[in-house]
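Before any comments, here is the structure.
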Amino acid sequence: MITEDQLEQLCLEWFREQDYDIVYEPDIAPDSNNPERQDYSEVVLRGRLEDALQHINKELPFSAIEDAIDQILKPQHHSLIKNNQAFHQMMIEGVSVEYEKNGEKRGDKVKLIDFNNVKENQFLAVNQYTIKGIKQPRRPDIIVFINGLPLFVIELKNPADEKADIWSAFDQIQTYKEEIDALFTFNAAAIISDGTLARIGSLTADKERFMHWRTIANEKDKPLLEYELETLVKGFFNKKLLLEYLHDFILFEDDGSKIIKKIAGYHQFHGVREAVTAILAASREEGDRRGGVFWHTQGSGKSISMSCLVGQLVQHPDMKNPTIVVVTDRNDLDGQLYETFCGAKSLLKQDPVQADDRNELRELLDARPAGGIIFTTIQKFGLLKGESKHPILCDRSNLIDFRLSI
């Protein structure tokens with residue numbers, strides 16, 4: 005049986021195999037010979053962040069970079085989840101800045117991550133990263149940084165200690181959220197492991213929502229490794245897949261009173277990627293117009309899969325701003341999915357609409373030259389009074405019909 009320190013070193017080695025830089029925190033601590041923070045209350049590696057942002061935003065002046073960093077480091081809300089949501093939006097869309105050039109005021113966006121070019125970003129894993137806490141210093145086992153931003157926290161427990169199981173690591177994450185909440189402003193996901201078992205979850209996830217990650221390259225690549233953590237690190241933290249996950253597979257559901265952060269599981273991630281490929285092929289001139297079947301068991305996260313799938317399709321240039329029609333066979337399911345999509349507007353980049361009756365459905369389809377997410381039931385495609393056959397409601401090639409049934 006290995007110790008917690010040995011598990012930590014194994015984990016760092018798995019990151020090293022994927023070409024992550026590895027740093028032992030005391031080597032870059034505020035009181036070291038090569039400090040990368042001014043004090044232990046700082047959670048962002050500002051020097052690395054400045055270097056990365058200048059590199060991927062070469063056309064912007066340094067003043068714009070500094071403005072973006074200042075915005076990132078000054079959360080605007082008292083709520084941790086609201087600050088996390090605001091940062092996520094800046095990470096995906098860029099940080100809005102203004103600067104002067106040739107006497108003119110200009111507006112632009114500073115990209116925090118180059119999602120299109122993996123090699124343009126810095127990937128770093130740091131172990132034993134000490135942070136000043138409300139009650140005492142806290143030291144998460146491993147923090148994964150992209151461009152100096154602490155996006156992932158990994159908490160490990162001693163495999164040899166019967167009392168320190170994976171849920172002890174979960175409890176430790178909850179303590180961190182209370183005592184070093186600044187770290188979690190930037191958090192995309194947390195990982196917990198006791199060596200044998202490993203789980204991944206979002207900022208708001210309870211124990212039941214911390215999930216396995218069983219794949220590496222794709223849905224069929226499910227190795228039976230000794231440690232689940234190895235599969236998670238080699239699968240989830242693959243650089244190319246990780247950037248895609250960050251961009252398209254994290255959503256916030258906001259009903260006006262509560263914000264829930266949701267992240268895709270491995271089956272949703274790989275399933276959506278395969279579905280996008282199939283739909284793109286079917287939509288081409290030589291395609292058969294059949295995107296295929298995306299099968300889920302009950303309770304396995306259909307709404308997350310659909311939100312992520314639609315989010316990818318509406319932004320894909322090959323789809324030319326498609327119209328998405330989500331068709332169900334029950335009013336309650338139609339309403340449930342509609343509410344889910346309304347809460348995921350940041351991922352979808354638009355407000356969905358719901359057809360109340362047959363006439364409105366036809367108006368929505370007829371009035372749209374492109375774009376839009378429309379919810380309806382199959383019954384609303386019925387004939388109107390006086391009709392003997394179904395008319396063509398839309399003949400555009402970039403209309404996608406999702407038919408959902410349970």
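Going letter by letter, the sequence shown gives residues 5 to 410 in the working numbering. Every residue, glycine too, gets a C-beta built ideally from N, C-alpha and C. This one's a predicted model, so the numbers in the text were calculated from it and none came from an experiment.
Buried versus exposed call for residue i [16 or more other C-beta atoms within 10 Å across all chains shown]
| i | result |
| --- | --- |
| GLU29 | buried |
| LYS109 | exposed |
| ALA371 | exposed |
| ARG407 | exposed |
| SER45 | exposed |
| SER304 | The predicted model places SER304 with a pLDDT of 49, which falls under 50 and marks its position as unreliable; any figure quoted below should be read in that light. It is exposed - the Cβ of SER304 has fewer than 16 other Cβ atoms within 10 Å. |
| HIS394 | exposed |
| HIS82 | exposed |
| MET5 | exposed |
| GLY51 | exposed |
| HIS59 | exposed |
| GLN176 | buried |
| SER67 | exposed |
| ILE146 | buried |
| PRO373 | exposed |
| LYS139 | exposed |
| GLY390 | exposed |
| GLN358 | buried |
| LYS161 | buried |
| LYS353 | exposed |
| GLU234 | buried |
| ASN363 | exposed |
| THR189 | buried |
| ASN131 | buried |
| LEU228 | exposed |
| LYS238 | buried |
| LYS78 | exposed |
| PRO141 | exposed |
| LEU387 | exposed |
| THR219 | buried |
Residue interval of the beta strand (DSSP E) (run including residue i)
| i | result |
| --- | --- |
| LYS109 | 108-114 |
| ASN220 | At residue 220 the sequence reads Ile, which differs from the Asn that was named. That residue, ILE220, is in no beta strand (DSSP E); it is neither H nor E in DSSP. |
| LYS105 | 99-105 |
| ASP118 | First-last for ASP118: undefined, no H or E at that position. |
| GLY450 | Residue numbering for the chain in the displayed model covers 5 to 410; residue 450 lies beyond these limits and cannot be assessed. |
| ALA33 | That residue, ALA33, is in no beta strand (DSSP E); it is neither H nor E in DSSP. |
| GLU159 | 153-160 |
| PHE149 | 146-150 |
| ASP405 | 403-408 |
| THR380 | 377-381 |
| THR327 | 327-332 |
| GLY199 | Careful: GLY199 lies outside any beta strand (DSSP E) and carries neither H nor E. |
| ASN363 | ASN363 -> not in any beta strand (DSSP E); alpha helix (DSSP H) instead, spanning 362-370. |
Min CB distance residue i to chain D below 8 Å
| i | result |
| --- | --- |
| ARG142 | Going by chain labels, chain D is absent from the structure shown, which holds only one protein chain. |
heavy atom of the ligand SAM below 7 Å from residue i C-beta
| i | result |
| --- | --- |
| PRO39 | The ligand SAM is absent from the structure shown, which contains no ligand whatsoever. |
Boundaries of the alpha helix (DSSP H) in which residue i is found, first to last residue
| i | result |
| --- | --- |
| ASN335 | 335-346 |
| ALA68 | 66-77 |
| LEU57 | 50-60 |
| PHE19 | 8-21 |
| PHE127 | Unbroken run through PHE127 is the beta strand (DSSP E), 127-131; no alpha helix (DSSP H). |
| GLU182 | 170-183 |
| LYS349 | 349-352 |
Cβ distance (whole Å) where residue i is taken to contact residue j below 8 Å
| i | j | result |
| --- | --- | --- |
| LEU365 | THR380 | 5 Å |
| SER309 | THR344 | Not a contact, Cβ separation roughly 11 Å. |
| VAL331 | ILE377 | So it is not a contact: roughly 12 Å between Cβ atoms. |
| PHE2 | PHE241 | No information on residue 2 is available, as it lies outside the stretch 5 to 410 that the chain covers here. |
| PHE119 | LEU247 | 5 Å |
| LYS206 | LYS266 | The displayed chain sequence assigns Ser, not Lys, to residue 206. So it is a contact: roughly 6 Å between Cβ atoms. |
| LEU245 | VAL280 | With a Cβ gap of about 14 Å, LEU245 and VAL280 do not count as contacting. |
| ILE73 | ASN61 | The Cβ separation is near 11 Å, so there is no contact. |
Next item on the list: Could you pull out every unbroken alpha helix (DSSP H) segment of at least 4 residues lying fully inside the region 238-275, listed in chain order?
Entry: Taking only runs of at least 4 residues, the alpha helix (DSSP H) segments lying wholly in the region 238-275 are 243-252.
Margin query: Taking contact to mean 3 or more Cβ pairs, one atom from each stretch, closer than 8 Å, check whether the region 331-348 and the region 280-290 are in contact.
Written below: no
Note to self: For the structure I just gave you, are there three or more beta carbon pairs, one from the region 196-203 and one from the region 254-261, closer than 8 Å?
What the structure shows: The region 196-203 and the region 254-261 do not touch, with fewer than 3 CB-CB distances between them shorter than 8 Å.
Next item on the list: Decide yes or no for the touch test of the region 114-127 against the region 156-166: beta carbon pairs closer than 8 Å, at least 3 of them.
Entry: no
Item checked: Contact between the region 159-176 and the region 189-198 (3+ Cβ pairs under 8 Å) -> yes
Check: Quick one: any contact between the region 25-45 and the region 82-96, if contact means 3 or more CB pairs under 8 Å?
Finding: no
Checklist line | Sufficient close CB pairs (3 or more, under 8 Å) joining the region 397-407 to the region 315-333 | finding: yes
Check: Three or more beta-carbon pairs under 8 Å between the region 7-27 and the region 94-107, yes or no?
Finding: Counting Cβ pairs under 8 Å, fewer than three are found: no touch.
Note to self: For the structure I just gave you, are there three or more beta carbon pairs, one from the region 211-228 and one from the region 110-120, closer than 8 Å?
What the structure shows: no
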